[in-house]
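Protein chains in written order, with our numbering: chain A, 51 to 165; chain B, 1167 to 1280.
Structure first, commentary second.
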């Protein structure tokens, strides 16, 4: 079946611009996660949704970052006033539900480059 | 706060040789532990996970890992490496005894020589 998809696969923007990154989870998965992977690092947790609500956004680095999931399926990560330090691969994952044994299935990521 | 250390940034092995990738974690309670593999252009794929019970965990693609509480380790092993195993491997721990907030190590890049 279809896995987690993310669009665009690559995004190049200029410092100060606004960007939106989209995640389509596996159909029927109620839990959705965003991570950020900087060069040479492992992924870092950003935010977790259970249904439409953000259950934990403690990983968002500052208030320039915001994510929504209005219908409990597709999610959009929004970054305002981008900075060069925001350059990274943004990964999305989904799981059937949030329980302690659910597997997170990851998408291929969106590579964001801020010039 | 929990943390994960993968001491080896890069490992090179010959095809057919055995493999062990090291992972050490720091967490106060019983951890939930994971190994993921990331190939170029691919998403992270779960190899195996440990929650409780048998400390030797079998995964996909012939991988296994052993949880050793006394050493705070969760090393990944494979008896015979194939060229297709070349990829980056990440160890991760679940926060607060749950898995939704994974903390990853920095990864180990595996190169396989023919």
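Using N, Cα and C, we set each Cβ at its ideal position, and we do this for glycine too.
For clarity, every value in this text was computed on a predicted model and none was experimentally measured.
Contact list for residue i against chain B, beta-carbon separation under 8 Å
{"i": "residue 157(A)", "result": "1209"}
{"i": "residue 98(A)", "result": "1266, 1267"}
CB contact below 8 Å: residue i versus chain E
{"i": "residue 1228(B)", "result": "Any reference to chain E falls outside this structure, whose protein chains are A and B."}
Distance CB(residue i)-CB(residue j) smaller than 8 Å
{"i": "residue 1212(B)", "j": "residue 1259(B)", "result": "no"}
{"i": "residue 131(A)", "j": "residue 119(A)", "result": "no"}
{"i": "residue 157(A)", "j": "residue 141(A)", "result": "yes"}
{"i": "residue 1209(B)", "j": "residue 135(A)", "result": "no"}
{"i": "residue 1206(B)", "j": "residue 1249(B)", "result": "no"}
{"i": "residue 38(A)", "j": "residue 124(A)", "result": "The question about residue 38(A) has no answer, for chain A in this structure spans 51 to 165."}
{"i": "residue 1187(B)", "j": "residue 1247(B)", "result": "no"}
{"i": "residue 71(A)", "j": "residue 86(A)", "result": "no"}
{"i": "residue 155(A)", "j": "residue 143(A)", "result": "yes"}
{"i": "residue 1190(B)", "j": "residue 1221(B)", "result": "no"}
{"i": "residue 65(A)", "j": "residue 127(A)", "result": "no"}
{"i": "residue 1244(B)", "j": "residue 1219(B)", "result": "no"}
{"i": "residue 1271(B)", "j": "residue 90(A)", "result": "no"}
{"i": "residue 53(A)", "j": "residue 76(A)", "result": "yes"}
{"i": "residue 148(A)", "j": "residue 1216(B)", "result": "no"}
Chain A contact residues for residue i, given Cβ-Cβ distances below 7 Å
{"i": "residue 1270(B)", "result": "92, 93"}
{"i": "residue 1273(B)", "result": "92"}
Residues near residue i in its chain [Cβ-Cβ closer than 7 Å; skip 5 each side]
{"i": "residue 1202(B)", "result": "1210, 1211, 1212, 1213, 1256, 1258"}
{"i": "residue 69(A)", "result": "61, 63, 129, 132, 162"}
{"i": "residue 109(A)", "result": "94, 95, 96, 97"}
{"i": "residue 1273(B)", "result": "1172, 1254, 1255, 1256"}
{"i": "residue 1192(B)", "result": "1168, 1169, 1238"}
{"i": "residue 55(A)", "result": "74, 157"}
{"i": "residue 1181(B)", "result": "1247, 1248, 1249, 1278, 1279, 1280"}
{"i": "residue 1241(B)", "result": "1186, 1187, 1188, 1189, 1231, 1232"}
{"i": "residue 1252(B)", "result": "1276, 1277, 1278"}
{"i": "residue 79(A)", "result": "144, 145, 146"}
{"i": "residue 1183(B)", "result": "1247"}
Within chain B, partners of residue i - CB distance below 9 Å
{"i": "residue 81(A)", "result": "1266"}
{"i": "residue 153(A)", "result": "1200, 1212, 1215, 1265"}
{"i": "residue 106(A)", "result": "1266, 1267"}
Amino acids of chain B, ordered along the chain, whose beta-carbon sits closer than 7 Å to that of residue i
{"i": "residue 148(A)", "result": "1266"}
6 Å CB neighbourhood of residue i in its chain, flanking five on each side removed
{"i": "residue 99(A)", "result": "82, 119"}
{"i": "residue 1224(B)", "result": "1230"}
{"i": "residue 106(A)", "result": "98"}
{"i": "residue 152(A)", "result": "145, 146"}
{"i": "residue 57(A)", "result": "72"}
8 Å Cβ cut-off: residues of chain A touching residue i
{"i": "residue 1256(B)", "result": "92, 93"}
Chain-order list of residues whose beta-carbon lies under 8 Å from that of residue i (same chain, five-residue window excluded)
{"i": "residue 1179(B)", "result": "1185, 1247, 1276, 1277, 1278, 1279"}
{"i": "residue 117(A)", "result": "84, 96, 97, 99, 104, 107, 110, 125, 126, 127, 128"}
{"i": "residue 1268(B)", "result": "1200, 1258, 1259, 1260, 1261"}
{"i": "residue 1174(B)", "result": "1187, 1188, 1274"}
For the region 1206-1220 of chain B, list every residue whose C-beta sits within 9 Å of some C-beta in chain A, in sequence order.
1207, 1208, 1209, 1210, 1211, 1212, 1215, 1217
Mind checking the region 52-70 of chain A against chain B and listing, in chain order, the residues whose C-beta falls within less than 8 Å of any C-beta there?
53, 54
Threshold first: 3 residues or longer. Then list the beta strand (DSSP E) segments lying entirely within the region 100-124 of chain A, N to C.
103-106, 115-118
Which runs of the beta strand (DSSP E), 3 residues or longer, sit entirely within the region 1186-1258 of chain B?
1190-1192, 1198-1204, 1210-1216, 1222-1224, 1230-1234, 1239-1244
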